[in-house]
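Residue numbers (this note's numbering): 11 to 132. Cβ atoms here follow ideal geometry from the backbone N, Cα and C, with glycine treated the same way. Here the structure is laid out as structure tokens; the discussion comes afterwards.
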Amino acid sequence: MTVIAIIVGFVLFESFLLFFGRLVNRPLDFQYLQNYPLFLLVIGTGLFTGFLSGAYPAWLISRSQPSEFIHNQISKGNKNSLLRKVLIGFQFFISTALIIGTLGILRQANYMMNKSSRQPEA
């Protein structure tokens with residue numbers, strides 16, 4: 011799933027790059043395939059995320075019998091409520107950061123579109 015998300019992200023990035031370049035009246039060309047550290051960082055982050063997203067459920071299921079796991083999940087109730095609260099708080103933090111980042115990018119795009127091409131005299 012993470013590899014598919016990375017591929018979709020690259021496709022969307024390339025698709026919107028031309029549109030954004032027209033929007034700001036500047037040619038934009040990212041040589042991310044030639045920038046090996048950046049490319050490896052993206053691939054490494056994707057693989058690490060994929061590993062983490064599958065490691066905990068795999069560990070949880072492998073440590074007990076499936077019948078015990080199902081029985082414990084039904085009868086456990088809110089035993090793991092702290093973990094749930096931390097994960098929900100982390101998701102809230104990430105979504106807030108993404109919204110703030112989007113607003114910052116929007117303000118930068120508006121600035122670049124409205125900026126006069128003539129520089130003020132010193």
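Note down the Cα distance separating residue i from residue j, rounded to an integer number of angstroms.
{"i": "Ala-107", "j": "Phe-100", "result": "11 Å"}
{"i": "Phe-49", "j": "Leu-43", "result": "6 Å"}
{"i": "Lys-125", "j": "Asp-39", "result": "21 Å"}
{"i": "Ile-71", "j": "Ser-105", "result": "29 Å"}
{"i": "Tyr-46", "j": "Ile-53", "result": "10 Å"}
{"i": "Leu-93", "j": "Leu-27", "result": "39 Å"}
{"i": "Lys-95", "j": "Phe-103", "result": "12 Å"}
{"i": "Ala-68", "j": "Ile-98", "result": "21 Å"}
{"i": "Phe-29", "j": "Thr-59", "result": "29 Å"}
{"i": "Ile-110", "j": "Gly-19", "result": "20 Å"}
{"i": "Thr-112", "j": "Ser-25", "result": "18 Å"}
Provide the residue span of the alpha helix (DSSP H) that contains residue i, from first to last.
{"i": "Lys-95", "result": "91 to 124"}
{"i": "Pro-47", "result": "46 to 72"}
{"i": "Phe-26", "result": "12 to 33"}
Based on Cα-Cα distance, which residue from the options lies nearest to residue i?
{"i": "Gly-56", "options": "Leu-22, Val-13, Gly-31", "result": "Val-13"}
{"i": "Gln-118", "options": "Leu-33, Tyr-46, Pro-47, Ile-71", "result": "Leu-33"}
{"i": "Gln-41", "options": "Thr-112, Gly-111, Leu-116, Phe-23", "result": "Phe-23"}
{"i": "Met-11", "options": "Ile-115, Phe-61, Leu-116", "result": "Phe-61"}
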